[in-house]
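Since the structure comes first, as structure tokens, the remarks are kept for the end.
Numbering (the numbering used here), first residue to last: 57 to 380.
Structure below.
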């Protein structure tokens with residue numbers, strides 16, 4: 057057992073993670089931190105594929121590794137919270153079991169976070185495997201705005217554990233979309249300084265060939281928008297003024313609403329699903345997209361909002377074609 061508080065606690069939910077788990081565990085052994093500096097908390101969320109045995113063997117010779125076991129919860133929120141309950145590090149980092157870290161990545165993130173006196177450090181992330189998309193950040197920045205931070209709600213961040221504990225923060229539990237965004241949005245809003253370390257890729261965000269990433273499951277529009285409402289509520293509660301509120305709500309709309317209306321996405325839905333999204337998004341936009349928020353969006357995007365709010369599928373499809 058550790059006798060001194062470590063620099064960082066790594067928290068990883070594990071569920072039926074083979075054959076990806078060994079890559080993550082190998083990367084954990086190469087983080088440039090001693091046992092005293094580094095706590096690893098692996099939460100076996102009821103695995104049935106042999107992952108439990110791999111975790112037991114990994115723990116056996118490593119005094120800084122804890123493996124917690126529980127019945128399957130079906131979603132990452134509960135196991136991450138169990139990890140937080142036993143974490144003792146000055147920093148915490150959340151990783152997914154499908155992914156892996158660059159050698160010495162955590163040591164460098166901790167060094168940079170301490171150097172900058174930051175409360176959150178966002179690492180440069182490379183999407184690989186079946187994941188696609190551009191890097192959110194490509195240059196190191198000692199301090200970024202909350203609007204910039206709202207570009208990424210994935211949980212793979214280095215966070216000052218005191219920020220979490222002092223504000224009684226935990227992930228929502230149960231099958232809740234954007235559960236990481238609900239927590240991260242509060243962290244961002246409460247933090248006084250958020251930094252980005254991007255001189256190299258620090259985290260490899262990997263899509264599974266078997267399609268078993270939780271994020272690849274079919275999205276229920278009403279439930280998804282219910283999570284957006286919680287993120288918007290965090291903004292209204294914790295924002296530091298009207299200008300910030302408008303900027304952050306506009307960012308939510310830009311990144312978490314309008315991404316469903318790309319030419320490669322919305323036209324591919326059947327008519328019933330298109331109607332579901334228009335109903336769910338229309339209610340959200342009617343509530344949150346006032347004139348001050350809309351002014352922060354481009355004119356084509358404002359036109360698209362009008363079509364969504366009106367629930368006019370044909371007009372939405374036309375506007376998408378015009379903007380393609």
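The C-beta atom is built at its ideal place from N, Cα and C for all residues, glycine as well. This structure is a prediction, so every number in the text was calculated from the model and none was measured.
Here DSSP, grouped into helix, strand and coil, assigns residue 218 to helix. Checking the DSSP bridge columns, you'll see residue 125 partnered with 100.
Residue range 277 to 294 is occupied by the alpha helix (DSSP H) that includes residue 277. Taking the Cβ atoms as the reference, residue 227 lies roughly 16 angstroms from residue 245, outside the contact range of under 8 angstroms. DSSP places residue 147 within a strand segment (E or B) once states are collapsed to three. Here residue 193 has 178, 180, 252, 254 as same chain residues with Cβ atoms under 7 angstroms from its own Cβ, once five neighbours each way along the sequence are excluded. Membership of residue 262 in the beta strand (DSSP E) is indicated by the continuous run 259 to 263.
Only residues of its own chain outside the window of five on either side were considered, and among them 371, 372, 375 have a CB closer than 6 angstroms to the CB of residue 363, listed in chain order. In this structure, the beta-carbon distance from residue 304 to residue 206 falls below 7 angstroms. Residue burial is scored here from C-beta neighbours: residue 293 has fewer than 16 other C-beta atoms within 10 angstroms and is therefore classed as exposed.
The beta-carbon distance between residue 165 and residue 67, rounded to whole angstroms, is 14 angstroms. This is too long to meet the 8 angstroms contact definition. If you draw a straight line from the Cα of residue 93 to the Cα of residue 329, it is about 49 angstroms long.
DSSP, read as helix, strand or coil, puts residue 70 in strand. Distance check between residue 103 and each of 149, 61, 74 places 74 closest, using alpha-carbon atoms only.
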